[in-house]
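In our numbering, the protein residues as written are 60 to 420.
Ideal placement from N, C-alpha and C gives every residue a C-beta, glycine not left out.
Keep in mind that this is a model prediction, so the values were computed, not measured.
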């Protein structure tokens with residue numbers, strides 16, 4: 060998203076109603092100061108954190124408490140570290156509960172606290188900064204290039220003759236039941252843009268789409284919104300057409316939480332948690348190994364090749380992204396827990412004591 064300008068909303072009678080805060084102030088959090096430095100080296104994270112402190116203290120916090128805060132992002136975005144699921148709030152309430160708006164916080168304390176616990180930004184962020192500066196193709200052009208229907212035969216030829224990545228945007232459940240070998244799964248029903256940016260570092264990567272019929276334009280558009288403009292075609296008729304053609308396909312083994320509970324108690328399998336470190340630190344299956352999805356490509360050596368293991372995330376979305384990447388790289392010795400840790404919490408599987416994430420800031 061573009062920069063961090065904040066707009067004060069005033070009606071025609073001069074009454075103030077709200078503030079559109081962009082990436083400056085979120086609900087429960089504030090913007091990250093470490094992104095622009097990857098493009099403009101003199102803009103260090105410490106310098107930008109200081110500017111953010113000034114903006115909050117001098118421009119936003121003096122405003123009336125009744126104003127409604129409308130931020131750019133909410134929970135799940137990579138543009139902050141502890142954003143709330145709420146989409147709006149009053150400024151007065153944020154002054155009470157947002158860690159970054161503490162009235163007694165010094166500039167030095169603010170900078171230190173803001174820079175603590177930041178995860179690595181998605182690889183596409185610096186490229187998006189340059190796109191915002193230099194410009195980009197029109198969406199109509201991008202859609203026209205991407206909406207090229209391909210038969211299973213033509214799709215296979217395109218995949219073999221180009222360096223295009225096959226991106227399957229169906230649900231984790233449908234992907235697990237059958238997918239084109241070497242395709243990766245990032246479902247449209249989820250944090251699609253975030254995980255595309257995490258898993259596909261080059262915004263110029265050519266992409267071949269596998270979607271549900273009728274969702275091609277949505278997928279191309281949502282890819283383009285984060286700078287991925289090079290979709291070169293889609294599988295006409297979706298995966299079912301591929302299956303009907305008799306071409307090879309693969310599957311991912313999945314178990315439900317009751318099966319996991321039984322396996323965990325009887326076999327004591329290796330368990331891998333692909334959630335964020337903060338989620339893992341908050342609560343996890345006892346003895347589980349944490350390999351966050353956003354770091355999977357740098358940590359593939361931690362996944363055993365010969366020992367069977369069980370993998371989970373929060374609800375099954377991220378673990379299927381991980382499963383598709385592992386399948387693409389040759390792993391076939393694992394199963395995925397379809398309900399994830401949200402389901403595991405309801406079983407008797409041994410779990411660590413819960414720690415509220417806000418206490419770890």
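Presumed contact (8 Å Cβ cut-off) between residue i and residue j, rounded CB distance
i	j	result
residue 68	residue 79	7 Å
residue 126	residue 150	5 Å
residue 112	residue 166	5 Å
residue 238	residue 298	7 Å
residue 373	residue 346	With a Cβ gap of about 19 Å, residue 373 and residue 346 do not count as contacting.
residue 105	residue 170	6 Å
residue 119	residue 94	In fact, because the Cβ distance is near 20 Å, the residues do not count as touching under 8 Å.
Check whether residue i and residue j have beta carbons under 8 Å apart
i	j	result
residue 399	residue 378	yes
residue 133	residue 142	yes
residue 235	residue 316	no
residue 269	residue 287	no
residue 370	residue 408	no
residue 81	residue 117	no
residue 349	residue 210	no
Simplified DSSP assignment, three categories, for residue i
i	result
residue 73	coil
residue 182	coil
residue 222	coil
residue 260	coil
residue 420	Residue placement at residue 420 is poorly supported in this model, since its pLDDT is 49, which falls under 50; the coordinates still yield a value, given next. Looking at residue 420 - three-state DSSP - the assignment turns out to be coil, as it is neither helix nor strand.
residue 63	coil
residue 371	strand
residue 351	coil
residue 326	helix
residue 166	helix
residue 296	coil
residue 284	helix
residue 207	coil
residue 91	coil
residue 405	coil
residue 394	strand
residue 365	coil
Outcome for residue i when other beta-carbon atoms lying within 10 angstroms are tallied against a minimum of 16
i	result
residue 283	buried
residue 110	exposed
residue 414	exposed
residue 305	exposed
residue 216	exposed
residue 240	exposed
residue 66	exposed
residue 136	buried
residue 74	exposed
residue 70	exposed
residue 157	buried
residue 227	buried
residue 257	buried
residue 391	exposed
residue 63	buried
residue 405	exposed
residue 121	exposed
Does the region 244-263 come close enough to the region 217-236 to have 3 or more Cβ pairs within less than 8 Å? yes
Is there contact between the region 354-362 and the region 215-225, where contact requires at least three CB pairs shorter than 8 Å? no
Segment contact, 8 Å Cβ cut-off, at least three pairs: the region 201-210 with the region 290-304: yes
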